[in-house]
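Presented below is the structure to which this report refers.
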Amino acid sequence: MSSNQVIQNSGLFRVGDRVQLTGPKGRMNTITLQESLTFHTHRGILAHDDIIGQPDGSVVTNNVGVEHLALRPLLVDFVMSMPRGAAIIYPKDAAQILAQADIFPGATVVEAGVGSGALSLWLLRAIGPAGRLASFERREEFADVARDNIATFLGNDPQNWTITLGDLAETLPDTMPPQSVDRVVLDMLAPWECLGAVSEALKPGGVLLCYVATVTQLSRVAEAIRGTGFYTNPDSHETMIRGWHVEGLAVRPDHRMIGHTGFLITARRLAPDTILPELKRRPSKTDFSDADVEAWTPGALGERNVSSKVMRKRVRAAGASAELSKARDLDAG
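What the sequence shown shows, in our numbering, is residues 1 to 333, in sequence order.
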C-alpha cells in the first residue's frame, strides 16, 4: 500500500484493527485484533475471532454472557491510550492549536518537540496529503515511539511527515529554507531559545504558536516574542472543559472537569523591515532577575524523566502495534 493512500478506517473488523471494548460498567479497553487470541477480564474471556468480521459498532458477548460494545477508536480515543514516551498534548488543547494556529490543508508546518506523536496525528489530519509536517525531537526514543504510534493509527509511514533528531535552533535552518513555513508549533520547555531560527523560516503572516505549562514560561516567551520585533503582539489563553450529567430531568455539571493543562500563546510574523505600532499599555515589569531566569530552567520546572526500563517497554509496545497495523493494510491491499 502506498504511504500516500488514505485509509478508510471503517467497514468490518479485520486482523490488525484496534478495537475499543466498552464493558457493562463503562470500563474501556483497547485491543489489537489477532486470530486465535483472547481478551481476558475478571468477568470472562472474549475471543478475538468473535469480533473479526463484525461491523463497527457491534455488541459482542464473552464466554460467560457479558456484553461489550466494540468500536474502532476515534483519534481522540487513540491518543489517550497509546504508548507514551513523553506527556501528550490533550485533545482539548490540540483542537485549540488547530484553530488558533489556523492549520489548513496543504500547509507546511514545523512542530517541536514531537513527544509521543499525539499532536503530530492531529496536524497530519489537518494538513492533508498535500501538506507537509516537519517534526523535530531531541530524544531518539521519543521519536521512535512517535513513529510507531503514527504508523499504528494510520497503517503506514506518511510520506509528507519527517522527524529530524536534534535541537530545533540548530537543525531548522538546514532543513527548511527561509520564509518557507506557514505555521510553527512549539511544545518545549524553552521556546524562546528557538525564536531566531523560527523567525527566519516563517513566511510573512505565518503563525507561531507556543504551548507552555507554567506562568513563568508564559511570561518569558511572551516578552521574548515582543523583544524580537518580528511579530504581532502575542495572544495568550488556556482552555478548560467541564462535562454535564444529563439524564431526564437530572441535569447538572459533572463533579470533575479537565482544568489547566497548558497555555497557548500565538503571534503572527511581520513582513521584513516592518515596525509594529506601539500599543498604549500600563507600565509593567518586563525585566528579569537572575532568580526569575532560574525559575525558567528545566530543573526548576520539574521536568519528568521516564526511566530507561519503562521507556524500553513503551518503545516495544509502540513498535509491536505499528507492525500489526501495517500488516493489516498490506493484507487488505
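A virtual CB, placed ideally from N, CA and C, is assigned to each residue, including glycine.
Since the structure is predicted, the reported quantities are computational estimates derived from the model, not experimental observations.
Query, Result
"Where does R328 land, buried or exposed, given buried means 16+ other C-beta within 10 angstroms?", "buried"
"With DSSP as the reference, label S36 as helix, strand or coil.", "coil"
"Under the rule that 16 or more other beta-carbon atoms within 10 Å means buried, what is K25, buried or exposed?", "exposed"
"For the beta strand (DSSP E) that contains V212, what are its first and last residues?", "L202 to V212"
"So what does DSSP say about F104, is it helix, strand or coil?", "coil"
"Closest to A94 by C-alpha separation, out of L209, P234 and W244, would be which residue?", "L209"
"Quick check on the burial criterion: 16 or more other C-beta atoms within 10 angstroms. Buried or exposed for E278?", "exposed"
"On the criterion of 16 or more Cβ atoms from any shown chain inside 10 Å, does L165 qualify as buried, or is it exposed?", "exposed"
"Alpha carbon to alpha carbon, what distance is there between D157 and N4?", "Summary for N4: the model assigns pLDDT 44, below 50, so the residue's position carries little reliability; its value from the coordinates is reported in the next sentence. Taking the straight line joining both Cα atoms gives about 9 Å."
"Just the C-alpha distance for T41 and I258, rounded to the nearest angstrom, thanks.", "29 Å"
"Let me check understanding here. Comparing Cα to Cα, which of D49, A87, A317 and Q159 lies closest to L133?", "Q159"
"Find the nearest neighbour of P91 within the set V79, L195 and P73, judged by alpha-carbon distance.", "V79"
"Taking only three categories from DSSP, how would you classify Q96?", "helix"
"Check the DSSP bridge columns for T266 and list the partner residues they point to.", "L209 and D235"
"Hey, which unbroken runs of the beta strand (DSSP E) at 3 residues or more fall wholly within the segment 115-179?", "132-137 and 161-165"
"Starting from the Cα of P198, find the closest Cα among S219, Q217, D167 and T214 and give me that residue.", "The question names Pro, but residue 198 in the sequence shown is Val. Nearest option by C-alpha distance: D167."
"In angstroms with no decimal places, state the Cα-to-Cα distance between S180 and V110.", "10 Å"
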